[in-house]
Structure formats: C-alpha cells, structure tokens
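Worksheet: one structure, shown below.
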Amino acid sequence: MISTVKTELQGEKVRFTPLHIENIYKHFAWNNDPELNMLDSEVPYMEETFGEFKRRFEEMLAHPAPDSQDFEVHVLDGTLIGVAEITHISEHNRHCTLSLTICDRDYWGKGYGRDAMRVLLDYCFDTLKMHSVLAEAFDYNDAWKRLVEGMGFTKDGTLREYLYRNGRYWDKHIYTILASEYRAA
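Numbered continuously in the working numbering, the sequence shown closes out at residue 201.
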C-alpha cells in the first residue's frame, strides 16, 4: 500500500509538499475556477460551497486513497502555485497515472510546469520504482499536450469524443513514458 507522501520533493524552480489544511482557501478558490476545472477535470464544473469543499478536503487528508499521492506545488520561496497527483499506483504492475495543474496563472508559460513534471517523473521512476507512467490530455488543452510530448511521452491512443464540454464532444489522448525512455532522454 502506498502511503501519503511525507517528504518534500524539489526541482530547480518548484518544491512539492503534502497537502496542507492551512492552504484550504487557495485550494477552494482553484476548485471553484471554471477554467481550471475545464483543463483538468472530467467532472462538469459546479460551484461548491466552502463548507462542502472543507468536508471533502479534510476527508481526503484524513483518509487518503491507498493508491494515490497528492501534492501541493510551491515555488522555492514557498508560494503555492498548483497541485499534482499520482493515482492508480500499482506496485505489482509498476505503473501509475500523473496529473499536474499550475493553478496560478502568473506562473504559466515560465517553465514551472516543466520543472514540476520532471520532479514528478523522477519521483515515479526513482522512488516509487514505476516501469511506466501514464498521462491523459483533453484535446483542447494544448499546453498540457505540449508539456507531456516535450517530456518524451508517447501518444498511445485516443478516446474519441470522450468528453462533452461547451456544446461539443472532445477527444481524450492517452500518453505513456517508460522508465527506460525517460532515463535515455
């Protein structure tokens, strides 16, 4: 069983920590941001009250999923700028799925996502000893697709017209990278 991350992970620009209840207001604001929801969630956007979010957040902290790890992404000065998650961690098959959202728009397009992705992949391959890592991308999320492809992921397939948003259907792309491919890059 995978436990909640207890140590901090650091790259050149970002540092990962466990989720902190002290940051609940920032997480709440991001949770209720329709644009962020569209970029990283299959669940249709629906505004949540603070009380509802607080109950869900506290439950997630108290009882984390056994096959997942959740992180806050901070710049090195401590400013919280996003979140990351490793899910579907299979110790037997040695694969997992990762997601990453730089939520603070002031940090978009400045290399923070790339550094955060590198930290996540290093952790998945070097610490968790994964053989392969999967990432999913909605067709309209060009920045995420560029990041994933730029890190060496291979597009393995497309779930056609998988997601209904803004009056139309969108594809979801499935990408993977193997430990050997990541280390060779």
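All C-beta atoms in this analysis are idealised placements derived from N, C-alpha and C, irrespective of residue type, glycine included.
C-alpha gap between residue i and residue j, whole angstroms
i: D158; j: I102; result: 21 Å
i: A151; j: I37; result: 27 Å
i: G129; j: W186; result: 23 Å
i: I190; j: D172; result: 6 Å
i: E177; j: E58; result: 13 Å
i: V149; j: R71; result: 31 Å
i: T95; j: L25; result: 15 Å
i: M167; j: A81; result: 27 Å
i: V91; j: L179; result: 32 Å
i: A200; j: F32; result: 25 Å
Cβ of residue i within 7 Å of any chain B Cβ
i: A132; result: This model lacks chain B altogether; it includes just one protein chain.
Chain-order list of residues whose beta-carbon lies under 7 Å from that of residue i (same chain, five-residue window excluded)
i: N47; result: E64 and F69
i: K145; result: R110
i: D56; result: S115 and T117
Where residue i falls, given that 16 or more other Cβ within 10 Å makes a residue buried
i: K126; result: exposed
i: N182; result: exposed
Sequence-distant residues of its chain with Cβ nearer than 6 Å to residue i (five each side left out)
i: A45; result: none
i: Y123; result: I97
i: A132; result: V30, V89 and L116
i: M17; result: Unreliable positioning characterises M17 in this predicted model, as indicated by a pLDDT of 40, which lies under 50. The coordinate reading is nonetheless provided below. Answer for M17: P82, listed in chain order.
i: N53; result: Y61
i: S84; result: T103
The beta strand (DSSP E) enclosing residue i, as first and last residue numbers
i: W186; result: R184 to L194
i: K171; result: T170 to R181
i: L136; result: Looking at the DSSP string, L136 is not in any beta strand (DSSP E); the run it does join, the alpha helix (DSSP H), is Y128 to D138.
i: G27; result: Careful: G27 lies outside any beta strand (DSSP E) and carries neither H nor E.
i: E75; result: No beta strand (DSSP E) contains E75, which is instead part of the alpha helix (DSSP H) from F66 to A78.
i: V149; result: S148 to F154
Heavy atom of the ligand SAH within 6 Å of residue i beta-carbon
i: K42; result: This structure lacks the ligand SAH, and indeed carries no ligand of any kind.
Extent of the continuous alpha helix (DSSP H) run through residue i
i: I40; result: I40 to N47
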